[in-house]
Amino acid sequence: MIRGTDVACTWSWRLLAAAACLAIVAAPASAQFPERTVRIVVPFDAGGTVDAVARALANRLNAKWKVPVIVENRPGAGNTIGAAAVARAEPDGYTLLFANTSVSANPSLFTSLPYDTLKDLAAVVYLSPSPNVLLAQQALGVSSLKELIALAKTRASKPLSYATVGRGSAHHFCMELLKSQAGIDLLHVPYRGVAPAVLAMTRGDVDLYCSDIPGALNLLKGRKVVPLGITSVKRAPVLPGIPSFSEAGLPNYSATGYVGIMVTGGTPADIVQKLNTAINDIIRDPDFSRRFSELGYDMVGGTAADFAAFLKDDIARYLKITKDAGIVPE
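Here it is in structure tokens:
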């Protein structure tokens, strides 16, 4: 015979078990995150400053989380191969994209991308602006942006040439914006990557090159090139003697790139927040930030919402630059 007290006890245990199950289900997705290897996909070849930042960040996250954090280089196709790999990954926070300006530029350069930038990828944190430096061959005889513009206007029949690391690169957009705002014509000579573009500049095959700051620091050591300006509204702390384009005569010019972290679209908000908090903690560490500020990357950080809003505006900005420059999407 089953007594009432036995029934009550049985139901009590069942209720407790059910409550425990509900508690497990209701626990935030980030409660145990991360429990396994995290990948940071870098859409560039190994080596170079961007790759170095990604690897330094991976090492710090590894120490913080006590799980492996690896860098996976997936270059090619205007950085869309790496971005697509993250867009197609499980939305669980274990696959991150080391994003750069191509995320903003590619929607205006390709008629069809293998992902929807604002739906299949989600912002985590803005890391740093990435300004460029316009360099001229010493043989041109110009020492300022104003002098370059004046010279270019006398060369309408034979435009000055400029090298880039490829069509649609940040360097390409820098120069197209310069053409538009200065009212000059320049000849675009695209190369397949940084090394051949830099070689062309050092050999004197082209007149101009818009370089990232680490590349510019190396080229300036050779004393064969002249820095004409920083492609932003303010000077770069690591190169304080070089004026910004705004100071040099183009007050509305701004072609600063960026680097940041993104994740697969649909990743739970609490995991995005956990990633954001961890990365902000790392990049605000004085030793970490000092190391990369010396290479032109001034770490900023911020919320995921801030970065998402920035990306939306930046995509619209590149669409306008592309249209004004007459660049036809492929």
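With our numbering, the residue at position 262 of the sequence shown is 262, and numbering never jumps. Idealized CB from N, CA, C, for every residue including glycine.
- Query: Looking only at C-alpha atoms, which of Ala309, Arg290, Asp314, Ile261 sits nearest to Leu127?
  - Reply: Taking the first residue of the sequence shown as 1, we reach residue 127 at position 127. When only C-alpha atoms are compared, the closest one is Ile261.
- Item | Anticipated Cβ contact below 8 Å, Ser108 with Thr322, distance rounded | Within the sequence shown, residue 108 is the residue found at index 108, counting from 1. Within the sequence shown, residue 322 is the residue found at index 322, counting from 1. With a contact defined as Cβ atoms closer than 8 Å, Ser108 and Thr322 qualify at about 4 Å.
- Item | Nonlocal neighbours in the same chain, by C-beta distance under 6 Å from Lys234, ignoring five residues either side | One-based indexing of the sequence shown puts residue 234 at position 234. Answer for Lys234: Ser244, listed in chain order.
- Query: Leu127 by DSSP, collapsed to three states: which one?
  - Reply: Indexing the sequence shown from 1 puts residue 127 at position 127. Leu127: strand per DSSP, three-state reduction.
- Query: According to DSSP, which residues form a beta bridge with Ala105?
  - Reply: Translated into the one-based positions of the sequence shown, residue 105 becomes position 105. DSSP output for Ala105 lists no bridge partner at all.
- Query: Does the distance from the C-beta atom of Val41 to that of Val69 stay below 9 Å?
  - Reply: Translated into positions along the sequence shown, residue 41 becomes position 41. Translated into positions along the sequence shown, residue 69 becomes position 69. Between Val41 and Val69, the CB-CB gap reaches or exceeds 9 Å.
- Item | Alpha carbon of Pro237 to alpha carbon of Ser293, nearest angstrom | Counted from its first residue, the sequence shown places residue 237 at position 237. Counted from its first residue, the sequence shown places residue 293 at position 293. The alpha-carbon atoms of Pro237 and Ser293 are separated by roughly 8 Å.
- Roughly how many angstroms lie between the CA atoms of Ala200 and Leu134, to the nearest whole one? Locating residue 200 in the sequence shown gives position 200, where the first residue counts as 1. Locating residue 134 in the sequence shown gives position 134, where the first residue counts as 1. Going from the Cα of Ala200 to the Cα of Leu134 covers about 15 Å.
- For Leu178 and Ser246, the rounded distance between their alpha carbons: Looking up residue 246 in the sequence shown gives position 246. Looking up residue 178 in the sequence shown gives position 178. Note on geometry: alpha-carbon atoms of Ser246 and Leu178 lie some 11 Å from one another.
- Could you check how far apart the C-beta atoms of Asp94 and Arg39 are, in whole angstroms? I think they sit under 8 Å. Residue 94 sits at position 94 when you count from the first residue of the sequence shown. Residue 39 sits at position 39 when you count from the first residue of the sequence shown. With the sequence shown as reference, residue 94 is identified as Tyr, and Asp is not the correct amino acid for it. About 7 Å; that satisfies the 8 Å criterion.
- Residue nearest to Arg167 in terms of C-alpha spacing, selected from Asp281, Tyr297, Ala77, Phe288: Locating residue 167 in the sequence shown gives position 167, where the first residue counts as 1. It is Ala77.
- Query: What is the rounded straight-line gap between the Cα of Ala255 and the Cα of Ala31?
  - Reply: One-based indexing of the sequence shown puts residue 255 at position 255. One-based indexing of the sequence shown puts residue 31 at position 31. Those two C-alpha atoms are separated by around 40 Å.
- Task: For Phe98, name the three-state secondary structure that DSSP assigns.
- Result: For the purposes of this step, residue 98 is identified with residue 98 of the sequence shown, where counting begins at 1. If DSSP states are grouped into helix, strand and coil, Phe98 belongs with the strands.
- Going by the CB atoms, is the gap between Leu217 and Leu295 shorter than 9 Å? Counted from its first residue, the sequence shown places residue 295 at position 295. Counted from its first residue, the sequence shown places residue 217 at position 217. The answer is yes: Cβ separation under 9 Å.
- Query: Distance, Cα to Cα, Ile24 vs Ala122?
  - Reply: Taking the first residue of the sequence shown as position 1, residue 24 is located at position 24. Taking the first residue of the sequence shown as position 1, residue 122 is located at position 122. Its pLDDT being 46, under 50, Ile24 is placed unreliably by the model, and the measurement read from it follows with that caveat. For the pair Ile24 and Ala122, the Cα-to-Cα distance works out to about 27 Å.
- Cβ of Tyr297 within 9 Å of Cβ of Thr49? If you number the sequence shown from 1, residue 297 lands on position 297. If you number the sequence shown from 1, residue 49 lands on position 49. Yes, Cβ-Cβ distance for Tyr297 and Thr49 is below 9 Å.
- Can you tell me the Cα-Cα spacing of Thr264 and Val194, whole angstroms? Residue 264 sits at position 264 when you count from the first residue of the sequence shown. Residue 194 sits at position 194 when you count from the first residue of the sequence shown. Note on geometry: alpha-carbon atoms of Thr264 and Val194 lie some 28 Å from one another.
- Query: Assuming Thr117 and Ala170 make a contact with CB atoms under 8 Å, what is their CB distance in whole Å?
  - Reply: For this step, residue 117 is matched to residue 117 along the sequence shown. For this step, residue 170 is matched to residue 170 along the sequence shown. Going by Cβ atoms, the distance from Thr117 to Ala170 rounds to 16 Å, so no, they are not a contact pair.
- Measure the alpha-carbon distance for Val71 versus Thr37 and round it to whole angstroms. Walking along the sequence shown from the start, residue 71 turns up at place 71. Walking along the sequence shown from the start, residue 37 turns up at place 37. Straight-line spacing of the CA atoms in Val71 and Thr37 works out to 11 Å.
- Message: Just to confirm my understanding: we take Arg74, look at its own chain, exclude 5 residues before and 5 after, and list those with CB closer than 8 Å. What are they?
- Response: Within the sequence shown, residue 74 is the residue found at index 74, counting from 1. Around Arg74: Val41, Val42, Pro43, Ile81, Gly82, Ala85.
- Query: Hey, how far is the Cα of Ala305 from the Cα of Thr202?
  - Reply: What you label residue 305 is simply residue 305 of the sequence shown in a count that begins at 1. What you label residue 202 is simply residue 202 of the sequence shown in a count that begins at 1. Roughly 42 Å between the two C-alpha positions.
- Query: Taking the alpha-carbon positions, what's the Gln273 to Gln181 distance?
  - Reply: Indexing the sequence shown from 1 puts residue 273 at position 273. Indexing the sequence shown from 1 puts residue 181 at position 181. When rounded, the distance between both Cα atoms is 40 Å.
- Take the Cβ of Asn276 as the centre, count every other Cβ of all protein chains shown within 10 Å, and call the residue buried at 16 or more, exposed below. By one-based count along the sequence shown, residue 276 stands at place 276. Asn276 should be labelled buried.
- Query: Does the distance from the C-beta atom of Thr231 to that of Pro91 stay below 9 Å?
  - Reply: The residue given as residue 231 occupies position 231 in the sequence shown. The residue given as residue 91 occupies position 91 in the sequence shown. Against a cut-off of 9 Å, the Cβ pair of Pro91 and Thr231 comes out as no contact.
- Exposed or buried, which one is Asp287 when buried takes at least 16 other CB atoms within 10 Å? The sequence position of residue 287 within the sequence shown is 287, counting from 1. Exposed.
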